[in-house]
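A.B. asks: Dumping the structure here so I can ask a few things about it.
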């Protein structure tokens, strides 16, 4: 059994373990640095995406990574629903900003 066979067989487990390890390392660095915002915070937030890229690259190389990124560009629902979701997130933010500025 080769390294690639092991990665393919346990790809989901490797993905989750790698995601948690990256998140925990980033969190520990943030706690040790005693800072609220560091580049490690961004690394921790994007750890599932980073793990997916690593596992995809180990399984299929650049072809698999390109296939992974193509999935982000597919519109699975009508664009109106994306706009609705966007405004549902931005609406409370705008309301809060106006409340704090003028309230």
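Residue numbers (the numbering used here): 2 to 104. All residues carry an ideal CB built from backbone N, CA and C; glycine is no exception. None of the values given here were measured: they were computed from a predicted structure.
Contact defined as beta carbons within less than 8 angstroms: I believe residue 60 pairs with residue 12. What is the distance between those atoms, to the nearest angstrom?
C.D. replies: Between residue 12 and residue 60 the Cβ distance is about 6 angstroms, and since that is below 8 angstroms, they are a contact.
A.B. asks: Going by CA-CA distance only, name the one from 85, 56, 99 that's closest to residue 7.
C.D. replies: Comparing Cα-Cα distances from residue 7 to each of 85, 56, 99, the minimum goes to 56.
A.B. asks: Cα-Cα, which of 4, 40, 10, 50 is closest to residue 66?
C.D. replies: If we check each option's Cα against that of residue 66, 50 comes out closest.
A.B. asks: Quick one: which unbroken alpha helix (DSSP H) runs of 4-plus residues sit fully inside the stretch 29-86? Chain order, please.
C.D. replies: Listed in chain order, they are 40-46, 48-61, 63-73.
A.B. asks: By the 10 Å Cβ neighbour count, where 16 or more other Cβ atoms means buried, how is residue 85 classified, buried or exposed?
C.D. replies: Exposed, because fewer than 16 other Cβ atoms sit within 10 Å of the Cβ of residue 85.
A.B. asks: For residue 16 and residue 79, what's the separation of their Cα atoms in angstroms?
C.D. replies: Distance between the alpha carbons of residue 16 and residue 79: 30 angstroms.
A.B. asks: Beta-carbon separation of residue 34 and residue 48 under 8 angstroms?
C.D. replies: No.
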